[in-house]
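Colleague: All residue numbers for the sequence shown refer to the numbering used here, where the first residue is 9 and numbers rise by one. Take a look at this one; I'll ask things after.
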Amino acid sequence: NVRSLNNVGSAFRTGDAFRIEKIYLCGITGTPPHRDIQKTALGATESVEWEYLENTLEAIERLKQEGYKICGLEQVDQSIFLHEFQVQKTEKYALVFGNEVFGVEEEVLKACDYVLEIPQLGTKHSLNIAVSMGITLWDFMVKLEQF
9 NVRSLNNVGS AFRTGDAFRI EKIYLCGITG TPPHRDIQKT ALGATESVEW EYLENTLEAI
69 ERLKQEGYKI CGLEQVDQSI FLHEFQVQKT EKYALVFGNE VFGVEEEVLK ACDYVLEIPQ
129 LGTKHSLNIA VSMGITLWDF MVKLEQF
């Protein structure tokens with residue numbers, strides 16, 4: 009449910025930088041091809057596989073059936089700080105990012121295996137989705153010794 013097409017494009021570009029397998033675009037999220045997505049994706053919509061599903065829970069169910077552990081990124085009482093999360097090399101992970109204003113929906117969080125939080129020191133306690141995605145993917149890649 010990402011409302012900004014520029015953020016969608018940035019997500020593709022960030023995904024390409026870390027060679028993710030696929031992006032599921034759900035709900036109100038815009039899809040390629042679109043000029044505003046292309047503006048920030050810089051061609052990454054061609055290098056990152058993607059699929060649109062109307063319902064995020066449908067995407068989660070499909071990924072769980074394929075053996076993925078689902079990690080939602082949100083600030084909630086029971087979240088695990090990203091730097092404290094132990095990434096297992098034997099597991100496959102799917103990351104769920106939410107709406108720019110409302111975050112990840114409650115029922116989606118309940119379907120996640122883990123809820124991770126990027127600790128923040130500022131007053132806004134909010135990061136752009138592409139920034140959150142970049143931080144999280146970098147953290148996972150370092151822990152998986154991909155760099």
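We put the CB at the ideal spot given by N, CA and C, even for glycine. Just so we're clear, the structure is a prediction, and the values are computed from it rather than from any experiment.
So within the segment 35-95, which uninterrupted beta strand (DSSP E) runs reach at least 3 residues, ignoring any that extend past its ends?
Modeller: 57-61, 76-81
Colleague: Could you tell me the alpha carbon to alpha carbon distance between Glu59 and Leu152, rounded to whole angstroms?
Modeller: Counted from its first residue, the sequence shown places residue 59 at position 51. Counted from its first residue, the sequence shown places residue 152 at position 144. About 26 Å.
Colleague: Do you know offhand how far Arg43's Cα is from Val116's?
Modeller: The sequence position of residue 43 within the sequence shown is 35, counting from 1. The sequence position of residue 116 within the sequence shown is 108, counting from 1. Cα to Cα, the separation comes out at about 30 Å.
Colleague: With a Cβ-Cβ cutoff of 9 Å, do Glu82 and Val123 count as a contact?
Modeller: Residue numbering aside, residue 82 sits at position 74 when the sequence shown is read from its first letter. Residue numbering aside, residue 123 sits at position 115 when the sequence shown is read from its first letter. It is a contact, given that the beta carbons lie within the stated cut-off.
Colleague: If we ignore side chains and look at the alpha-carbon of each, how far apart do Ser18 and Glu54 end up?
Modeller: Taking the first residue of the sequence shown as 1, we reach residue 18 at position 10. Taking the first residue of the sequence shown as 1, we reach residue 54 at position 46. Taking the CA atoms as reference points, Ser18 sits about 13 Å from Glu54.
Colleague: Report yes or no: do three or more beta-carbon pairs, one from the segment 123-143 and one from the segment 17-32, lie closer than 8 Å?
Modeller: Three or more Cβ pairs closer than 8 Å define a contact, and the segment 123-143 meets that threshold against the segment 17-32.
Colleague: With DSSP collapsed to three states, give me the class of Glu125.
Modeller: Mapped onto the sequence shown, residue 125 falls at position 117. The three-state reading of DSSP puts Glu125 in strand, counting E and B together.
Colleague: Can you tell me whether Val139 is helix, strand or coil according to DSSP?
Modeller: Counted from its first residue, the sequence shown places residue 139 at position 131. In the structure shown, Val139 sits in a helix (DSSP, three-state: H, G or I).
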